[in-house]
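Chemist: In the numbering used here, the protein residues as written are 4 to 596. For glycine and all other residues, C-beta sits at the position ideal for the given N, C-alpha and C. Note that this is a predicted model, so its numbers are computed, not measured. Below is one structure. I have some questions about it.
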């Protein structure tokens, strides 16, 4: 990472200009978003010139209307699915074979072809006279002619329906994997379209305030002689934990213990037992609606210390409370509150993103796009910028320039809408240092994030990244080591171990780098960055067998991987290794082939 993204200073200037243009285009989209109220039949009467058109509603229950508003929707689910597929296809056309494989993948070609003919017949019957001009069927393909959709005509209304619990093709539920895959991918594309048009609202503008999930706090101090000490420490600890939890999720902090339990709500309970000068802490998060324990952890501290919350396991306890909220599996039912639906989508996306598998990275983008369409929060934009950063370093996609531009655009969108969220500041600081070679704005953001929440591992990791970019290896190593200690055994620990490994290489401590990368690889076996560095570090330390083993593992998950590429391709993301003269020799690279 860091300079592992460096693709040349000449391109950086061009990308900077492109990024500015993207941000300008994004800002214009924000200001020009439609403010029309939702209307289920708003698109009736929107034809193409004087031609008769078929109007198709995709968001909500599927409907097909003629110019007069009469319902000509076929009854069969697959007939509706086929019309929706055609409406969302280039030129409203799909080949027969593609349709057959999507709607009847488990049938023989002859059976699927017969089923398709039957569905086309059902559509013609429902359309009546309209079928002659609007449904074209050849031996090779099927097309819709002169059709419009609610997404084309009234994108703002579509977005409002999605935000209020609506879905794509709500009444078309087929238990067919190929169709489900199309539905998920198409919904992602629709959401991205809505983001660029009606969905691109300035954060908070044109939308009602987002009510967060309730986070209730309970603090109790125990101990005969110093109960007040435990209560005071518990109060301090709860403030730090609640603040970081609110940065990681959509929460409203409540101190009213009689507040009604709600789905998605959490209770943060802290018990502080004072025995002499020692205070033992028990902290836990409980789901309000079910009473299920979400997380619990203990720590102890010395009440005489100058920095009460900076001792021992206390900093890790604070970070783990927030990180556990981020990794909690949430039920995103359609009738769930908006904040719960958003957090459920984001949490699922983070889980998919940190697998580092190409298909899961794309699924993470679909989930984040859906969450962002529901409400364009700066936190979601920051995660989408990080996702593209991961795609770049993992080389899972071909469109690297486009990923650079999108990462930068989302980072700036996150920054423009941020209200002091330390997670946002941390993620944006890291990305600006990496993609824009920035050591000014990124340094300010990282410093502000650390000062606002010194228990946020992402903040210290961002500070390490900025220090590496500035050439301060000692500061980078100290900050990255602290981030790794904060993360401890957390689900995201591999991320911070990888940054710490990079800092250790820059500082010349290869043994420490190996330890960090080995931990990262053990925790995230599909993460390519630790594997690339371990391959080279093992080779530099004379561990040829381990290096060869890592090369084989890389080849399995990175199809175009070649050991010689590490040496000869300057765009390959091992910049720090190259700068540190730790690449395997040409002869050794040949031996590892």
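What is the rounded straight-line gap between the Cα of residue 400 and the Cα of residue 385?
Modeler: If I take the Cα positions, the gap works out to 20 Å.
Chemist: Give me whichever residues DSSP pairs with residue 146 in a beta bridge.
Modeler: According to DSSP, which records beta bridges pairwise, residue 146 is partnered with 96 and 139.
Chemist: Within a Cβ cutoff of 8 Å, which residues of the same chain sit near residue 216, ignoring the five residues on either side of it in sequence?
Modeler: Taken in chain order, the residues that qualify are 252, 253, 254, 255, 265, 267, 268, 269, 340, 342, 343 and 346.
Chemist: If you draw a straight line from the C-alpha of residue 177 to the C-alpha of residue 126, how long is it?
Modeler: Whole-angstrom Cα-Cα distance: 18 Å.
Chemist: Are there 16 or more other CB atoms within 10 angstroms of the CB of residue 153, so buried, or fewer, so exposed?
Modeler: Residue 153 is buried by the Cβ-count criterion.
Chemist: Keeping to the same chain, check which residues put their C-beta closer than 6 Å to that of residue 582; ignore five residues upstream and five downstream.
Modeler: None.
Chemist: In angstroms, rounded to a whole number, what distance separates the CA positions of residue 369 and residue 308?
Modeler: The straight-line gap from Cα to Cα measures roughly 48 Å.
Chemist: State the beta-bridge partners of residue 518 as determined by DSSP.
Modeler: None, per the DSSP bridge assignment.
Chemist: Hey, does residue 526 have any beta-carbon neighbour from chain B nearer than 8 Å?
Modeler: No chain B is part of this structure, which consists of one protein chain only.
Chemist: So, for residue 208: in the same chain, excluding its five sequence neighbours on each side, which residues have a beta-carbon less than 6 Å away from its beta-carbon?
Modeler: Note that residue 208 scores a pLDDT of 46, beneath 50, so its modelled location is shaky; the value from the coordinates is reported in the next line. So no residue of the chain qualifies.
Chemist: What residue does the beta strand (DSSP E) around residue 296 start on, and which one ends it?
Modeler: Start and end: 296 to 305.
Chemist: Tell me, to the nearest whole angstrom, how far the beta carbon of residue 499 is from that of residue 486; I am working on the premise that it is less than 8 Å.
Modeler: Residue 499 to residue 486, Cβ: 4 Å. Contact.
Chemist: Kindly indicate which three-state DSSP category residue 283 falls into: helix, strand or coil?
Modeler: If DSSP states are grouped into helix, strand and coil, residue 283 belongs with the strands.
Chemist: If I follow the unbroken alpha helix (DSSP H) through residue 417, where does it start and stop?
Modeler: That run of the alpha helix (DSSP H) goes 403 to 419.
Chemist: Could you give the distance in angstroms between the alpha-carbon of residue 395 and the alpha-carbon of residue 258?
Modeler: So the alpha carbons of these two residues sit roughly 43 Å apart.
Chemist: Go ahead and label residue 439 buried or exposed: buried means 16 or more other beta carbons lie within 10 angstroms of its beta carbon, across all protein chains shown.
Modeler: It counts as buried.
Chemist: Report yes or no: do the region 185 to 196 and the region 148 to 168 share at least 3 C-beta pairs separated by less than 8 Å?
Modeler: Yes, they touch.
Chemist: Go ahead and pull the three-state DSSP assignment for residue 533.
Modeler: Of the three classes helix, strand and coil, the one that applies to residue 533 here is helix, per DSSP.
Chemist: Looking at C-beta atoms only, is the number of pairs between the region 309 to 320 and the region 440 to 454 that lie closer than 8 Å three or more?
Modeler: Cβ pair count under 8 Å is below three, so no.
Chemist: Which same chain residues, not among the five before or five after residue 607, have their C-beta less than 7 Å away from its C-beta?
Modeler: Residue numbering for the chain in the displayed model covers 4 to 596; residue 607 lies beyond these limits and cannot be assessed.
Chemist: If you check the beta carbons only, do residue 104 and residue 181 fall under 8 Å apart?
Modeler: A contact, by the Cβ cut-off of 8 Å.
Chemist: Below 8 Å CB to CB, which residues in the same chain sit around residue 116 once its five sequence neighbours on both sides are set aside?
Modeler: Closer than 8 Å at Cβ, skipping near neighbours: 99 and 103.
Chemist: Hey, how far is the Cα of residue 329 from the Cα of residue 247?
Modeler: One C-alpha to the other measures close to 11 Å.
Chemist: CB-CB under 8 Å to residue 541, same chain, minus the five flanking residues each way: which ones, in chain order?
Modeler: Closer than 8 Å at the Cβ level, and outside the excluded window around residue 541, lie 517, 547, 549, 550 and 553.
Chemist: Which ranges does the alpha helix (DSSP H) cover as unbroken runs of at least 4 residues, wholly within the region 327 to 369, from first to last along the chain?
Modeler: DSSP runs (the alpha helix (DSSP H)) wholly in the region 327 to 369: 341 to 356.
Chemist: How is residue 528 classed by DSSP in three states: helix, strand or coil?
Modeler: In this structure, residue 528 counts as coil in the three-state DSSP scheme.
Chemist: Does DSSP put residue 156 in a helix, in a strand, or in coil?
Modeler: If DSSP states are grouped into helix, strand and coil, residue 156 belongs with the helices.
Chemist: Count the C-beta pairs between the region 490 to 507 and the region 313 to 330 that are closer than 8 Å, then say yes if the count reaches three, no if not.
Modeler: Touching, per the Cβ criterion.
Chemist: Figure out for me which residue from 379, 426, 151 and 507 has the closest Cα to the Cα of residue 166.
Modeler: Taking only the C-alpha atoms, the option nearest residue 166 is 379.
Chemist: Got a sec? Which residues, its chain only, sit under 7 Å from residue 77 by beta carbon, not counting five neighbours each side?
Modeler: So the list reads 83, 125, 126 and 129, once near-sequence residues are dropped.
Chemist: Under DSSP, the alpha helix (DSSP H) around residue 484 begins and ends at which residues?
Modeler: Residue 484 -> alpha helix (DSSP H) spans 476 to 490.
Chemist: Where do the ends of the alpha helix (DSSP H) carrying residue 466 lie?
Modeler: Residues 460 to 473.
Chemist: Is it a yes or a no for the region 524 to 543 touching the region 568 to 585, going by three-plus beta-carbon pairs under 8 Å?
Modeler: Yes, since at least three Cβ pairs between the region 524 to 543 and the region 568 to 585 fall closer than 8 Å, the two stretches touch.
Chemist: On a CA-only basis, which of 148, 190 and 123 is nearest residue 374? Give me that one, please.
Modeler: Considering only alpha carbons, the answer is 190.
Chemist: To which residues of the same chain is residue 445 closer than 7 Å at the C-beta, ignoring the five residues directly before and after it?
Modeler: Cβ within range, chain order: 432, 435, 436 and 469.
Chemist: Distance, Cα to Cα, residue 275 vs residue 543?
Modeler: The straight-line gap from Cα to Cα measures roughly 50 Å.
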